[in-house]
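Number of protein chains: 2
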Amino acid sequence: MPKIAPLSGFPEWLPAGRLVEQAVLDILRRTFELHGFVGIQTRAVEPLTQLLRKGDTSKEVYVLSRLQEQGEAPADAGAPSRRSSDKQLGLHFDLTVPLARYVLENAGQLPFPFKRYQIQQVWRGERPQDGRFREFTQADIDVIGDGSLPFHFEVEAPLVMAAAFEELRGLGVPPVRISVNNRKVAEGFYRGLGLDDVEGVLRNLDKLDKIGAEQVAAALVTECGATDEQAAACLALAAINGDDLTVIDRVRHLAAANHIPGAGLLEEGLAELATLLQEAVRRAPGVIVADLKIARGLDYYTGTVYETTLLGHESLGSICSGGRYDALATDGRRTFPGVGLSIGVSRLVSRLLSAELVRPTREVPTCVLVAVTSEETRGASTEVAAALRARGIPTDVAPQAAKFGKQIQFAARRGIPFVWFPGDDGPASPDQVKDIRSGVQVEADPASWTPGAEDLLPTVAPAVP
Amino acid sequence: MPKIAPLSGFPEWLPAGRLVEQAVLDILRRTFELHGFVGIQTRAVEPLTQLLRKGDTSKEVYVLSRLQEQGEAPADAGAPSRRSSDKQLGLHFDLTVPLARYVLENAGQLPFPFKRYQIQQVWRGERPQDGRFREFTQADIDVIGDGSLPFHFEVEAPLVMAAAFEELRGLGVPPVRISVNNRKVAEGFYRGLGLDDVEGVLRNLDKLDKIGAEQVAAALVTECGATDEQAAACLALAAINGDDLTVIDRVRHLAAANHIPGAGLLEEGLAELATLLQEAVRRAPGVIVADLKIARGLDYYTGTVYETTLLGHESLGSICSGGRYDALATDGRRTFPGVGLSIGVSRLVSRLLSAELVRPTREVPTCVLVAVTSEETRGASTEVAAALRARGIPTDVAPQAAKFGKQIQFAARRGIPFVWFPGDDGPASPDQVKDIRSGVQVEADPASWTPGAEDLLPTVAPAVP
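Protein sequences appear in the order of chains A and B.
Heads up: the first sequence begins at 1 in my numbering, then just goes up one per residue.
Heads up: the second sequence begins at 1001 in my numbering, then just goes up one per residue.
Now the structure itself:
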């Protein structure tokens, strides 16, 4: 047997941890479905040609080969070969590339706007570190339009995530802040200043938290051809944030002070941002804030962009990001715009577990352990179990007819709240059930006894500090 | 945009198909948890060294490499290199190899007997054909002991699966037959006959359905050194099947006729098989049958083995298989025996969909579509939606303030049963909700209106022929 060791970057949870993850996933699924999103799953692999179209992340692709083909020489990049990138498959590194392909492949059979959620593993061959994994679970929602997609979905999408995080608080997940910005504001402002390398400016501003204002300003001058004044204006814009409409006014004032005309793309973006803030204040007060420094690395966003911080755990980075893109996919004739957000479930769960923020009430689904008096009467115990299960009560039967004390210990070690003792047939010795936490033992009938609702299934609750 | 086409062997479902798959998975999860199994997930990858230990299936492993490493020369098999099989990772081809590794890695922290279920994708680079995929979902249950594992778990495990299939019938899944055999019976019988190449005999008998009795007999003679009489006895054993204890008597008679002593391994196996049949008749009548020709290809089974046929769809092959193994894993000091079964979920769902055996009541989770009178009053519609969602009713808001007829059509195309029309504020024009199937429209208050239980969520039901 070879040495057994965890693989760095490939997290796995013990049963109690999986219970927490499952509770998180159940809440996400329920929230997404409550909002009319339909679940899909896509295959884990995509042709390498598809995966390589998405900039930086592409470098982290895991490529697949079949063991039988291992001896074959690797193909030249351009050569027509079974291993050329056409035929080569890689593991998807996000759920957006597969969605784009799925939408194109099934466009004729999908109802648009297509609201889908998708909860799956993704793989990235990057260097593992705290909160960064090589295999992790994402939970995505996207709304995809056919040809056009109204702006109001840019308001809906983050509010769905806000609703999900609100539900997650019941488990012990800390509150979040969803920071929003609008690409049109940024682009309109930079272009109004006279800076045309919008992508370059965004890329540098994205480093603000890492390298600080001074270094960003210097880079804007040397890399993007900005004057000191233009760089200062970009940084002044990035410094604006808040959750009410004064944000809009402050941007307008800054634009005016820099002689940027009050119409066009900038104004269009400000109107969208204002609408989003107004709705957010009404429907999820305190959760969504405008933060004009949010840039998002990816160049395909064209409207609102989102990042989410777990309050008190800012070092974790964004746990839910996304944005509006005018062209998720196109087949030349039809173009599919979309807006979506993606929760980093593994990153979130990993922190919930490592910081001990949550606590499952027990480590197994079992609510009742039916004791076994002797191996000869195991049949009586399995019948009790069958009767309880038929009424939806998760039940297990003791693995061995050990002394009752040992069977109770077996339940206690797993957090199973009840132990059931089958009686002999007849009224002289009825069944009894013991709540092993309180020690209270009562007569019970498997056809009617019911545990308290809070004991039926394991639940996850905030850990008491 | 490169050509978009499905990948053979990597099935994906449209939203309605995923709804069916999700309904199947929900039932499996609920059944497993009712029986005290705890859910785990393991990483998708294992070191190649682990994967290559399991005979034939190993040939089908997908090996991973990072794109950056693609230029590097492939390592010689034995050379110490970053790409030697030590460090190389492959995608798991079943959930048993990962379970064995997980148990060894976490033995100190798991409660034994460890009852776990696991529902995940697996990958096999084999040639795709009907019901055989390169990526598919398995749903496994296993009970793992530490050092020993009582026989009664070999009775429990198939009964859990029988309970799951019983629940699945509500969706429209045809009934199943779980065929069982016992390796001890087979081995005891062959050895009693004087045939010591037990593995060889089993391997040949496994081909019975494919190549017929005559060819198997010939192979037993030429490959396993059997006489014609020994070969005939093996085939006579394989011909025995049935769901009651006469099966046991027929094996005993056959053994006696072939001068096989009535004690030892054969008798031990028969006693186990008899116990299993007795319990099965009592707890899942008609589902579990003994079939002495069931061999199961894998050599690590040591007790009961299982195969499951979907009645009326026998050509699909087994959709739920497994068995008892005395050494799932060992670290040299401790040995972990187990018993488990694995459902081929993708194989099952693929047939349910292609044969149109099941029918979802609608294609989206949405129960109510709230109409939008004008974009200016969209806020009123989102408030109705919020009120309904707060009461657990999946609700969507019309994407556009189109004519009401068009909004109703939007709902009808998705199978959404209700359309909600917000009134003006005030008692003059209250909200109304229309059941678009019956056309009945009534006044309604979002704080109290409740749909029928059968309409709340989409359900999956047998397709009416």
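All residues carry an ideal CB built from backbone N, CA and C; glycine is no exception.
Just so we're clear, the structure is a prediction, and the values are computed from it rather than from any experiment.
Does the beta-carbon of B/ALA1398 have 16 or more other beta-carbons within 10 angstroms, so that it is buried, or is it exposed? Stepping through the second sequence from its first residue, residue 1398 of chain B is reached at position 398. B/ALA1398 is buried by the Cβ-count criterion.
Look at the Cβ atom of A/GLU21, then the Cβ atom of A/VAL442, and state whether they are nearer than 7 Å. Taking the first sequence and counting its residues from 1, one reaches residue 21 of chain A at position 21. Taking the first sequence and counting its residues from 1, one reaches residue 442 of chain A at position 442. It is not a contact, given that the beta carbons lie outside the stated cut-off.
Using DSSP with H/G/I as helix, E/B as strand and the rest coil, what is B/VAL1464? The residue you call residue 1464 of chain B lines up with position 464 of the second sequence. Under the three-state reduction of DSSP, B/VAL1464 is assigned to coil, being neither helix nor strand.
List the residues of chain B whose Cβ lies closer than 8 Å to the Cβ of A/VAL61, in chain order. The residue labelled residue 61 of chain A in the question sits at position 61 within the first sequence. Result: ARG1066 and LEU1067.
Whose CA, out of A/LEU270, A/LEU95 and A/ASP130, lies closest to the CA of A/LEU316? Here the question's residue 316 of chain A lines up with position 316 in the first sequence. Relative to the Cα of A/LEU316, the nearest Cα in the group A/LEU270, A/LEU95 and A/ASP130 belongs to A/ASP130.
Using a Cβ-Cβ distance cut-off of 7 Å, determine whether B/VAL1433 contacts chain A. As a position in the second sequence, residue 1433 of chain B is number 433, starting the count at 1. It does not; no Cβ of chain A falls within 7 Å.
Looking at chain A, is there any beta carbon in it that lies within less than 7 Å of the beta carbon of B/ILE1319? If you number the second sequence from 1, residue 1319 of chain B lands on position 319. Not closer than 7 Å to any Cβ of chain A, the Cβ of B/ILE1319 fails to qualify, so no.
A/LEU311: beta carbon under 6 Å from a heavy atom of the ligand SAH? For the structure depicted, the ligand SAH is absent and the ligand set is empty, with no information on it obtainable.
Take B/SER1429 as the anchor and find which of B/ASP1435, B/ILE1436 and B/PHE1421 has the nearest alpha-carbon. Against the second sequence, residue 1429 of chain B aligns to sequence position 429. If you compare the alpha carbons of B/ASP1435, B/ILE1436 and B/PHE1421 with that of B/SER1429, the shortest gap goes to B/PHE1421.
Distance cutoff 7 Å, beta carbons only. Does B/THR1304 sit that close to anything in chain A? Sequence index remark: in the second sequence, residue 1304 of chain B carries index 304 (1-based). Output row for B/THR1304: interface = no.
Boundaries of the beta strand (DSSP E) in which B/SER1321 is found, first to last residue: Numbered from its first residue, the second sequence carries residue 1321 of chain B at position 321. Counting along the chain, the beta strand (DSSP E) containing B/SER1321 begins and ends at 1320-1330.
If distances are taken between C-alpha atoms only, which option among B/VAL1061, B/GLU1268, B/THR1042 and B/ILE1027 comes closest to B/PHE1151? As a position in the second sequence, residue 1151 of chain B is number 151, starting the count at 1. Comparing Cα-Cα distances from B/PHE1151 to each of B/VAL1061, B/GLU1268, B/THR1042 and B/ILE1027, the minimum goes to B/GLU1268.
For B/ASN1258, return the contacting residues in chain A, with the cut-off set at a CB-CB distance below 7 Å. Counting from 1 along the second sequence, the entry for residue 1258 of chain B is found at position 258. Those do not exist, as B/ASN1258 stays about 33 Å from chain A at its closest Cβ, beyond 7 Å.
Thinking C-alpha only, which one of B/GLY1039, B/SER1346, B/ALA1213 and B/LYS1406 is nearest B/TRP1013? Here residue 1013 of chain B corresponds to residue number 13 of the second sequence, with the count starting at 1. Across the set B/GLY1039, B/SER1346, B/ALA1213 and B/LYS1406, the C-alpha of B/SER1346 shows the shortest separation from the C-alpha of B/TRP1013.
Give the secondary structure of A/GLU12 by DSSP, where H, G and I count as helix, E and B as strand, and everything else as coil. Counting from one through the first sequence, the residue named residue 12 of chain A turns up at place 12. Here A/GLU12 sits in coil by DSSP.
CB-CB length for A/VAL185 against A/ARG191, believed under 8 Å: As a working mapping, residue 185 of chain A is identified with position 185 in the first sequence. As a working mapping, residue 191 of chain A is identified with position 191 in the first sequence. Your pair A/VAL185 and A/ARG191 does not check out as a contact, with CB atoms roughly 11 Å apart and the cut at 8 Å.
Same chain, Cβ closer than 6 Å to A/ALA79, five either side skipped, listed in chain order: In the first sequence, residue 79 of chain A corresponds to position 79, counting from 1. Note that A/ALA79 scores 34 on pLDDT, short of 50, meaning its location in the model is unreliable and no value can be drawn from it.
Let me make sure I understand the geometry here. Which of B/PHE1093, B/GLY1172 and B/ARG1389 has the alpha-carbon closest to that of B/PHE1136? Sequence index remark: in the second sequence, residue 1136 of chain B carries index 136 (1-based). Comparing Cα-Cα distances from B/PHE1136 to each of B/PHE1093, B/GLY1172 and B/ARG1389, the minimum goes to B/PHE1093.
With 16 other Cβ atoms within 10 Å as the buried cut-off, status of B/HIS1035: As a working note, residue 1035 of chain B is residue 35 in the second sequence. Sixteen is the threshold: when 16 or more other Cβ atoms of the shown chains lie within 10 Å of the Cβ of B/HIS1035, as they do, the residue is buried.
Could you spell out the range, first to last residue, of the beta strand (DSSP E) harbouring B/ASN1181? Translated into positions along the second sequence, residue 1181 of chain B becomes position 181. Its beta strand (DSSP E) spans residues 1176-1182.
Listing by chain order, which chain A residues have their CB less than 7 Å from the CB of B/THR1373? Reading the second sequence from its first residue, position 373 is the one you call residue 1373 of chain B. Chain A residues near B/THR1373: none, gap ~14 Å exceeds 7 Å.
Best match in B/PHE1153, B/ALA1162 and B/LEU1168 for proximity to B/ALA1023 [C-alpha to C-alpha]: For the purposes of this step, residue 1023 of chain B is taken as the residue at position 23 of the second sequence. The shortest C-alpha to C-alpha distance from B/ALA1023 to any of B/PHE1153, B/ALA1162 and B/LEU1168 is the one to B/LEU1168.
Separation of B/TRP1449 from B/SER1438, as counted between CA atoms: Here residue 1438 of chain B corresponds to residue number 438 of the second sequence, with the count starting at 1. Here residue 1449 of chain B corresponds to residue number 449 of the second sequence, with the count starting at 1. Computed Cα separation, rounded: 17 Å.
Give me the chain B residues within the contact set of A/PHE10, using Cβ-Cβ distance strictly less than 7 Å, ordered along the chain. Within the first sequence, numbered from 1, the residue matching residue 10 of chain A stands at position 10. Around A/PHE10, the beta-carbon contacts reaching into chain B at under 7 Å are ARG1043 and VAL1045.
If we cut at 7 Å on Cβ distances, does B/ASP1396 have a partner in chain A? As a first step, residue 1396 of chain B is located in the second sequence; it is residue number 396 there, counting from the start. The beta-carbon of B/ASP1396 is placed less than 7 Å from the nearest beta-carbon of chain A.
Under the rule that 16 or more other beta-carbon atoms within 10 Å means buried, what is A/ILE211, buried or exposed? Reading the first sequence from its first residue, position 211 is the one you call residue 211 of chain A. Within 10 angstroms of the beta-carbon of A/ILE211 lie fewer than 16 other beta-carbons, which makes it exposed.
Round the Cβ separation of A/ARG29 and B/ALA1386 to the nearest angstrom and send it over; I've been treating them as touching at under 8 Å. Counting from 1 along the first sequence, the entry for residue 29 of chain A is found at position 29. Counting from 1 along the second sequence, the entry for residue 1386 of chain B is found at position 386. In this structure A/ARG29 does not touch B/ALA1386 by the C-beta definition: roughly 19 Å separates them, more than the 8 Å allowed.
Taking the straight line between their C-alpha atoms, what separation do you get for A/VAL305 and A/PHE410? Within the first sequence, numbered from 1, the residue matching residue 305 of chain A stands at position 305. Within the first sequence, numbered from 1, the residue matching residue 410 of chain A stands at position 410. Each residue's CA atom was taken as its position, placing A/VAL305 and A/PHE410 some 51 Å apart.
Using a Cβ cut-off of 8 Å, pull out every chain A residue sitting near B/ILE1004, in sequence order please. The count along the second sequence starts at 1 and reaches residue 1004 of chain B at position 4. Among the residues of chain A, those whose CB is under 8 Å from the CB of B/ILE1004 are ARG101, LEU104, GLU105 and ASP331, following chain order.
Cβ-based neighbour list, A/PRO113, same chain, cut-off 6 Å, excluding 5 preceding and 5 following: Against the first sequence, residue 113 of chain A aligns to sequence position 113. Taking A/PRO113 as the centre and dropping the five residues before and after it, the same chain places the C-beta of VAL143 and GLY145 closer than 6 Å to its C-beta, in chain order.
Note down, in chain order, all residues in the stretch 110-121 of chain A with a beta-carbon under 8 Å from any beta-carbon belonging to chain B. Taking 8 Å as the Cβ-Cβ cut-off, the stretch 110-121 of chain A approaches chain B at LEU110, PRO111, PRO113, LYS115, ARG116 and GLN121, given in chain order.
Residues of the stretch 1127-1144 of chain B whose Cβ lies closer than 8 Å to any Cβ of chain A, in chain order: Close to chain A, meaning a Cβ-Cβ distance shorter than 8 Å, are the following residues of the stretch 1127-1144 of chain B: GLU1135.
Taking only runs that begin and end inside the stretch 1158-1227 of chain B, name each unbroken beta strand (DSSP E) of 3 or more residues, in chain order. Segments of the beta strand (DSSP E) lying fully in the stretch 1158-1227 of chain B: 1176-1182.
Compare the beta carbon distance of A/PRO360 and A/LEU19 with 7 Å and say whether it is the shorter of the two. Residue mapping note: residue 360 of chain A aligns to position 360 of the first sequence, counting from 1. Residue mapping note: residue 19 of chain A aligns to position 19 of the first sequence, counting from 1. Taking the C-beta atoms as reference points, A/LEU19 is found nearer than 7 Å to A/PRO360.
Cβ neighbours of A/ALA162 in the same chain (closer than 7 Å, five flanking residues each side left out): For the purposes of this step, residue 162 of chain A is identified with residue 162 of the first sequence, where counting begins at 1. Here the set comprises ILE178, ALA284, VAL287 and ILE288.
How far does the alpha helix (DSSP H) with A/ARG333 in it reach, from first residue to last? The count along the first sequence starts at 1 and reaches residue 333 of chain A at position 333. It is not in any alpha helix (DSSP H) - A/ARG333 carries neither H nor E in the DSSP assignment.
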